[in-house]
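From first to last, the protein sequence lines stand for chains A and B.
First residue of the first sequence: 0, per numbering that gives the first Met the number 0; consecutive thereafter.
First residue of the second sequence: 0, per numbering that gives the first Met the number 0; consecutive thereafter.
Number of protein chains: 2
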Amino acid sequence: MNYDYLLYLAIILMSTKLLGLVTRKAHMPQVVGALIAGLILGPACLNLLHSSTFLNQVSEIGVIVLMFMAGLETDTEELKRSGLASFVIALLGVLVPLAGGFLVAMACHVASPELSASELMQNIFIGIILTATSVSITVETLKEMGKVSTKAGTAILGAAIIDDILGIIALTVITSMADPSTNLVLVLLKIVGFFAFAVVFGIGFFYIIQKWVALDPKPNRRHVIMTFAFCLIMSFCAEHFFGVADITGAYVAGLVLSHSSKREVIYREFDTVSYLLVAPVFFASIGLKVELSSMSASLAAFTLLLLAVAIVTKILGCGLGAKIMGYTPKESFQIGIGMISRGEVALIVANKGEALGLIDDKLYAPIVVTVVITTVITPILLKAAFKDKKRTAAA
Amino acid sequence: MNYDYLLYLAIILMSTKLLGLVTRKAHMPQVVGALIAGLILGPACLNLLHSSTFLNQVSEIGVIVLMFMAGLETDTEELKRSGLASFVIALLGVLVPLAGGFLVAMACHVASPELSASELMQNIFIGIILTATSVSITVETLKEMGKVSTKAGTAILGAAIIDDILGIIALTVITSMADPSTNLVLVLLKIVGFFAFAVVFGIGFFYIIQKWVALDPKPNRRHVIMTFAFCLIMSFCAEHFFGVADITGAYVAGLVLSHSSKREVIYREFDTVSYLLVAPVFFASIGLKVELSSMSASLAAFTLLLLAVAIVTKILGCGLGAKIMGYTPKESFQIGIGMISRGEVALIVANKGEALGLIDDKLYAPIVVTVVITTVITPILLKAAFKDKKRTAAA
Chain A
0 MNYDYLLYLA
10 IILMSTKLLG
20 LVTRKAHMPQ
30 VVGALIAGLI
40 LGPACLNLLH
50 SSTFLNQVSE
60 IGVIVLMFMA
70 GLETDTEELK
80 RSGLASFVIA
90 LLGVLVPLAG
100 GFLVAMACHV
110 ASPELSASEL
120 MQNIFIGIIL
130 TATSVSITVE
140 TLKEMGKVST
150 KAGTAILGAA
160 IIDDILGIIA
170 LTVITSMADP
180 STNLVLVLLK
190 IVGFFAFAVV
200 FGIGFFYIIQ
210 KWVALDPKPN
220 RRHVIMTFAF
230 CLIMSFCAEH
240 FFGVADITGA
250 YVAGLVLSHS
260 SKREVIYREF
270 DTVSYLLVAP
280 VFFASIGLKV
290 ELSSMSASLA
300 AFTLLLLAVA
310 IVTKILGCGL
320 GAKIMGYTPK
330 ESFQIGIGMI
340 SRGEVALIVA
350 NKGEALGLID
360 DKLYAPIVVT
370 VVITTVITPI
380 LLKAAFKDKK
390 RTAAA
Chain B
0 MNYDYLLYLA
10 IILMSTKLLG
20 LVTRKAHMPQ
30 VVGALIAGLI
40 LGPACLNLLH
50 SSTFLNQVSE
60 IGVIVLMFMA
70 GLETDTEELK
80 RSGLASFVIA
90 LLGVLVPLAG
100 GFLVAMACHV
110 ASPELSASEL
120 MQNIFIGIIL
130 TATSVSITVE
140 TLKEMGKVST
150 KAGTAILGAA
160 IIDDILGIIA
170 LTVITSMADP
180 STNLVLVLLK
190 IVGFFAFAVV
200 FGIGFFYIIQ
210 KWVALDPKPN
220 RRHVIMTFAF
230 CLIMSFCAEH
240 FFGVADITGA
250 YVAGLVLSHS
260 SKREVIYREF
270 DTVSYLLVAP
280 VFFASIGLKV
290 ELSSMSASLA
300 AFTLLLLAVA
310 IVTKILGCGL
320 GAKIMGYTPK
330 ESFQIGIGMI
340 SRGEVALIVA
350 NKGEALGLID
360 DKLYAPIVVT
370 VVITTVITPI
380 LLKAAFKDKK
390 RTAAA
């Protein structure tokens, strides 16, 4: 047996925390330091750690726990009120980056004649990669600032869920064009099916756990353990049976339990597991995936352009959606900022595209860099956007 | 990416807890239910789950966290007082099972003429497998009963550490006879080296963390994270540089921090990570390793005999050692019971023996069954042994 993973885990825990403290001293969220820790340790810099199955799986549990906690914290009344607004924000937040990514790919002629798909399809695919918002870093930053249940925070969470679904639909449309075995109608039915399942299973579980808690209302480990199992099952079913992201399942599980009388206890226990083990691994593992050795000058230029478009199109698209739906300019800007971050979803989409012959190997580095940098700057910009507001409110 | 591990984790969390509640209702420790959960889910019964790299690594973190917490709870003054006693208990607790295992193997003619090692060596090796006590289940049971810092509890913990070292020496002696590349003197020097390293690194870390805590004495996540990193580094170094079990490293890390002013906070936070994620995986994964399909009738008879000898020789050996060192008959019996459990160490030793041509493949099932059943009955017997004492004290 190889025990290296114990050392890796120790290095991740120490470096994410120490760099987190450094970034906090510099008035940035701690999560920025944690992401930078991964970049420094990984192949992009010191080449000390590499992503492994173990780190990937612990990291996945990390993001599931974070999304579950975000669900627990969500004010569902506010979410219902902001439902239509979230939809409009998400829709524009998908369409504008899709168009932007497509145009950049066209302008830079990145399509490879060696691939099976047409040039047009390859360029559209770059656009699709830019659509997927990864809200987990935003959630962590909002949590750090205590802003999850603000109006803008709730709109971001709602929009991120819908964004995830729109992203799946977009991916499905293009892959169904590249791969005749995918059935678009079936995919849409499965998404509807997931929400039906979540409602039935969620209400059933909620009813059972509340009855159980009523038998012995003092804080009991068994209830927390069962909620964790429920969260994992929702995550698994979302991916396995419905083709929906596991983190969406985890978020919905959190939403269900946000109405529980045990909400605070559950939150506190998950918070410990999160900060002490799974969340640092998640943050570090994003940076660990970056490899820069394959970068040429023209590719570096494309990377910068892609990054700029990724940032600007989300702020514009989501911000415009929010403005249309009656949010203040300040809130619209906060919402746009909160949606910039791309994460594991973009990487999964890129992986899938590579497997289907829709993008070239060499485009993987620009995509990873875009994911990491949008993820690193989101908390910085978000903190600035919310701080400004506070100052205005005080004035 | 395959998401099955999320489902497996959910199944493990639910089944270990539910069966734990059942065994508690039946006046047995919850850990028995958790072990049985693994047996039922694994290839021995339902064949629903299998041990995987992910489960093994999370399980290893689980046992490390358990041993670290045992160290945190240990009364080091009592440990110092019981040092010589622990040594005598451990020594007899190694010699008696070694002789017993050897005699059973001789009597049953289990040695295989196809293996490179002589019949004598193969029989001695069965004895060596029986020497290794795995104290983690005992620790969990003592914790559940609140008996870790009793006189018997401290003697068990001390003896288990020394037992681990004696087991390593015995393994090294036999492997050095089977494999000329092993150097016995070097192995002994490394064990001494580990304790020297632990003292220097431990005191250094303790000094730094106490200084850091003094800067900001309120409960702070950073301190807990750093102690976890320290625990993992000690575990890694023990295995990697000194050939000592990782759980010994974790226990020593806990001992160091048992003197910290933050002891309670650290304990509470690790307890949450333990019960909510890593400990259930550890308990379940023991049962998951059992496969019974390869059992013949004569092998089943050998299994029963080996099991009986494993139990009786530890009670006799350790109990006699404790009696010699002046413990009461009751305490001696408790100590003997507490040392019955064989665990991952016996499995590691068996693995090593297989690789070196010292035991036959077919003996793996009897060994695993012995490990699992000694592990399952230890908490049951232990609870009985301690309960009896309480009744006497009350009378």
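Built from N, CA and C at the ideal position, the CB exists for glycine as well.
For residue i, the three-state DSSP class (helix, strand or coil)
| i | result |
| --- | --- |
| Thr132/A | coil |
| Leu381/B | helix |
| Thr149/B | coil |
| Met338/A | coil |
| Ala106/B | helix |
| Ser111/A | coil |
| Ala9/B | helix |
| Asp3/A | helix |
| Leu357/B | coil |
| Pro365/B | helix |
| Ala116/B | coil |
| Ile376/B | helix |
| Lys217/A | coil |
| Ser180/A | coil |
| Leu18/B | helix |
Member of the options whose CA lies at the smallest distance from the CA of residue i
| i | options | result |
| --- | --- | --- |
| Lys79/A | Ala151/A, Val368/A, Ile60/A and Gly157/A | Gly157/A |
| Thr149/B | Asp360/B, Leu362/B and Lys329/B | Lys329/B |
| Met402/A | Leu298/A, Thr137/A, Phe301/A and Val186/A | In the structure displayed, chain A extends from 0 to 394; residue 402/A sits before or after that span and is not available. |
| Ala300/B | Ile11/B, Leu40/B and Val109/B | Val109/B |
| Ile190/A | Asp162/A, Ile202/A and Gln209/A | Asp162/A |
| Lys146/A | Thr369/A, Asn350/A and Ile334/A | Ile334/A |
| Leu183/A | Ser14/A, Phe194/A, Thr171/A and Gly192/A | Thr171/A |
| Ile88/A | Leu6/A, Arg341/A, Ala159/A and Gly356/A | Ala159/A |
| Thr15/A | Asp74/B, Gly192/B, Ile224/B and Leu6/B | Ile224/B |
| Val199/B | Thr373/B, Gln209/B, Ala249/B and Val255/B | Val255/B |
| Met27/B | Tyr7/B, Ile173/B, Met144/B and Thr226/B | Met144/B |
Span of the alpha helix (DSSP H) around residue i
| i | result |
| --- | --- |
| Thr327/A | It is not in any alpha helix (DSSP H) - Thr327/A carries neither H nor E in the DSSP assignment. |
| Val212/A | Leu183 to Leu214 |
| Val243/A | Premise fails: Val243/A is in no alpha helix (DSSP H) and is neither H nor E. |
Cβ-Cβ distance between residue i and residue j below 8 Å
| i | j | result |
| --- | --- | --- |
| Gly92/A | Cys317/A | yes |
| Ser273/B | Ile265/B | no |
| Leu306/B | Gly41/B | no |
| Pro378/B | Ile11/B | no |
| Phe124/B | Gly337/B | no |
| Asp245/A | Ile63/A | yes |
| Val251/B | Gly201/B | yes |
| Val375/A | Ala43/A | no |
| Ala33/A | Phe282/A | yes |
| Ala349/B | Ile358/B | yes |
| Val95/B | Thr369/B | no |
| Cys230/A | Phe196/A | no |
| Ala169/A | Leu97/A | yes |
| Glu238/B | Tyr2/A | yes |
| Thr302/A | Pro365/A | yes |
| Gly100/B | Val367/B | no |
| Leu298/A | Lys361/A | yes |
| Ala249/A | Met13/B | no |
task = Enumerate, from N- to C-terminal direction, the unbroken alpha helix (DSSP H) stretches of 4 or more residues contained entirely within the region 25-97 of chain A.
result = 29-40, 52-72 and 75-80
message = If we require 4 or more residues per run, which alpha helix (DSSP H) segments fall completely within the region 256-322 of chain A?
response = DSSP runs (the alpha helix (DSSP H)) wholly in the region 256-322 of chain A: 262-272 and 278-287.
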